[in-house]
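*Asks:* I have a structure I would like to understand better, so I am pasting it below and will then ask my questions one at a time.
There are 2 protein chains.
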Amino acid sequence: MRSFIDEFAIGAFLLPAELEMLQSGIISKHVAKGQVLLKKGELYGKTYFVKQGCLRSYSVDEKGKEHIFMFAPEGWIISANESLLPNTPAELYIDAIEASEIEVFDREFMARFEESPTVPRPVFAKLVKRMAVLQRRIIMLMSATALERYQDFLATYPEMAQRVPQKMIASYLGITPEALSKIRRGLAKGHH
Amino acid sequence: MRSFIDEFAIGAFLLPAELEMLQSGIISKHVAKGQVLLKKGELYGKTYFVKQGCLRSYSVDEKGKEHIFMFAPEGWIISANESLLPNTPAELYIDAIEASEIEVFDREFMARFEESPTVPRPVFAKLVKRMAVLQRRIIMLMSATALERYQDFLATYPEMAQRVPQKMIASYLGITPEALSKIRRGLAKGHH
DNA sequence: CGTGGAGTTGAATACGATCAACACCGGTGG
DNA sequence: CCACCGGTGTTGATCGTATTCAACTCCACG
């Protein structure tokens, strides 16, 4: 169960004193399944690193329907506004879909992070990788059918299909649970 | 017509010698309307800064249909794989939809950039802002109708609606030109 | 001029949403 | 231990939105 500091090799960029100060801004905690960590509109949107378990971020539209923006299993970072900017209200909800061990980067931590005139490359690299994921998702949403998106999801995140309930996969794919059920039926039939 | 160096105040982070070296890796050039700058699959995907004019990046699906990933008017940076990683094949096409003045960051520039253990905060901040744009787009694609997405596009990029042909807006919204035409008719009728 | 791309319109179609009903567990409490 | 319950997933009927295909207009540009 690696910590954020381990995962990003942040230590290598800092003096021991700086490292300790940074660590003091990171709070480890346990969250129960279903626990809501952040609600849309909250200020000082915290950022979370998942050591164990799985979080998700999602929006809720006018009709009360949830749309999952991302899943965050072990090793992932998740925040409520993809902008890590301070004082901007969260755009998403975040909750735990499994009992999880997480690290919380609080307001002071983010502020300290903001002050630095440069950003460690591993952090930048992680962001860049995530951009690629989002880009791919947009292209898929624009050009692929629900079936194709589901197959792509299975190929890209085989483990998630086991871990999360089907209705959440549907929510992530941008379709209804009923539609996903029918797609799966079609796959089962057509396969032999 | 600001340059990349101006726009991101990169100069403030560097010694004069470093700055000059950096500038030597940036090539200014003029591209004609319709000119293709980068094709999907090319290695060493270059990155472009738009001083004047407008570029776009897009994918082409199996049926030959184009899907516009982003427009890049003045002051924007655009690249073919959102990952600025070296040696990864471009995932998108890039071309000029207007005659444009651009700055090209070539392979050496990117390599030099990659070597640095840290990233200037303005560059990071720009990336973070773009993430927020992509996040919003994904939520819209999943939860909003074509009409809502069009209205959101008009509100968010009022100038683009004037500059680019309608079929490209449709392509950006993830719908067909016919569908957009009908949506516009509906708006015109319903409005008085 | 005339030609081709852009936009519009209409008819037929397809894909996914909605609504409603039901089967299938996995608890929880009697 | 069993009965009940709520949540998850399935199925079918119907509806709506956007696609596809084809025809036509209108310019911009050669």
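Chains as they are written, first to last, in this note's numbering: chain A, 1496 to 1687; chain B, 1496 to 1687. Ideal Cβ placement from N, Cα and C applies to all residues, glycine included.
Below 8 Å on C-beta distance, what does K1560/B contact in chain A?
*Replies:* In the second sequence, the residue the question calls residue 1560/B occupies position 65. Those within 8 Å of K1560/B in chain A are S1638.
*Asks:* With DSSP as the reference, label R1679/B as helix, strand or coil.
*Replies:* Within the second sequence, residue 1679/B is the residue found at index 184, counting from 1. Note: R1679/B maps to helix in three-state DSSP.
*Asks:* Determine the extent of the alpha helix (DSSP H) in which Q1657/B is found, giving its start and end residues.
*Replies:* What you label residue 1657/B is simply residue 162 of the second sequence in a count that begins at 1. Run containing Q1657/B: P1653 to R1658, per the alpha helix (DSSP H) assignment.
*Asks:* Where in the segment 1528–1610 of chain A do unbroken runs of the beta strand (DSSP E), each at least 3 residues long, occur, reported from the N-terminal end onward?
*Replies:* Complete beta strand (DSSP E) runs here, min 3: 1531–1533, 1542–1547, 1549–1555, 1561–1568, 1572–1574, 1588–1591 and 1595–1600.
*Asks:* Name the two residues that bound the continuous alpha helix (DSSP H) containing P1612/A.
*Replies:* Translated into positions along the first sequence, residue 1612/A becomes position 117. Premise fails: P1612/A is in no alpha helix (DSSP H) and is neither H nor E.
*Asks:* Give the residues from the segment 1583–1604 of chain B that approach chain A closer than 9 Å (Cβ to any Cβ), ordered along the chain.
*Replies:* So the close ones are T1583, E1586 and L1587.
*Asks:* DSSP beta-bridge partners for S1523/A?
*Replies:* Along the first sequence, one-based indexing puts residue 1523/A at 28. Looking at the DSSP assignment, S1523/A forms a beta bridge with E1598/A.
*Asks:* Between which two residues does the alpha helix (DSSP H) harbouring S1498/B extend?
*Replies:* Start at 1 with the first residue of the second sequence, and residue 1498/B comes out as number 3. Neither: S1498/B is in no alpha helix (DSSP H) and is coded neither H nor E.
*Asks:* At least one CB of chain B closer than 8 Å to the CB of Q1518/A: is that the case?
*Replies:* Locating residue 1518/A in the first sequence gives position 23, counting from the first residue. No, Q1518/A does not count as interfacial toward chain B.
*Asks:* Can you pull the chain B residues whose beta carbon is under 8 Å from the beta carbon of F1564/A, in chain order?
*Replies:* Residue numbering aside, residue 1564/A sits at position 69 when the first sequence is read from its first letter. Per Cβ cutoff of 8 Å: Q1630, I1633 and I1634.
*Asks:* Under 8 Å, with one C-beta from each stretch per pair, do the segment 1568–1578 of chain B and the segment 1535–1548 of chain B reach the 3-pair mark?
*Replies:* Output reads yes: the segment 1535–1548 of chain B touches the segment 1568–1578 of chain B.
*Asks:* Per DSSP, what kind of secondary structure is I1633/B in: helix, strand or coil?
*Replies:* Translated into the one-based positions of the second sequence, residue 1633/B becomes position 138. I1633/B: helix per DSSP, three-state reduction.
*Asks:* Can you tell me whether F1503/B is helix, strand or coil according to DSSP?
*Replies:* Along the second sequence, one-based indexing puts residue 1503/B at 8. In this structure, F1503/B counts as coil in the three-state DSSP scheme.
*Asks:* Contact criterion: CB-CB distance below 8 Å. Does F1648/B meet it with respect to chain A?
*Replies:* Here residue 1648/B refers to the residue found at position 153 of the second sequence. With 8 Å as the cut-off, F1648/B does not count as an interface residue toward chain A.
*Asks:* Relative to the C-alpha of L1517/A, which residue among E1603/A, L1550/A, P1568/A and M1655/A is closest?
*Replies:* On the first sequence, residue 1517/A is found 22 positions in, with the first residue counted as 1. Closest by alpha carbon: E1603/A.
*Asks:* Taking 8 Å as the CB-CB limit, is S1676/B close to chain A?
*Replies:* For the purposes of this step, residue 1676/B is identified with residue 181 of the second sequence, where counting begins at 1. False, the Cβ-Cβ gap to chain A never drops below 8 Å.
*Asks:* Would you grab the beta carbon distance between V1526/B and S1595/B for me? Rounded to a whole angstrom, and I think it's under 8 Å.
*Replies:* Taking the first residue of the second sequence as position 1, residue 1526/B is located at position 31. Taking the first residue of the second sequence as position 1, residue 1595/B is located at position 100. With 8 Å as the limit, V1526/B and S1595/B qualify as a contact, their Cβ atoms being about 5 Å apart.
*Asks:* Taking one C-beta from the segment 1624–1635 of chain A and one from the segment 1551–1559 of chain A each time, how about it: are there three or more such pairs within less than 8 Å?
*Replies:* Contact fails: fewer than three Cβ-Cβ distances are below 8 Å.
*Asks:* Report back the beta-carbon spacing between L1636/B and I1633/A to the nearest angstrom; my notes put them in contact at under 8 Å.
*Replies:* Here the question's residue 1636/B lines up with position 141 in the second sequence. Here the question's residue 1633/A lines up with position 138 in the first sequence. Going by Cβ atoms, the distance from L1636/B to I1633/A rounds to 7 Å, so yes, they are a contact pair.
*Asks:* For G1548/B and G1540/B, I'd like the C-alpha separation in whole angstroms.
*Replies:* Translated into the one-based positions of the second sequence, residue 1548/B becomes position 53. Translated into the one-based positions of the second sequence, residue 1540/B becomes position 45. Cα to Cα, the separation comes out at about 21 Å.
*Asks:* Is there at least one Cβ from chain B nearer than 8 Å to F1503/A's Cβ?
*Replies:* Along the first sequence, read from residue 1 onward, the residue named residue 1503/A stands at position 8. No, because no Cβ of chain B sits closer than 8 Å to the Cβ of F1503/A.
*Asks:* In chain A, which residues lie less than 9 Å from G1529/B when you measure between Cβ atoms?
*Replies:* Taking the first residue of the second sequence as 1, we reach residue 1529/B at position 34. Those within 9 Å of G1529/B in chain A number zero; the least Cβ separation is about 22 Å.
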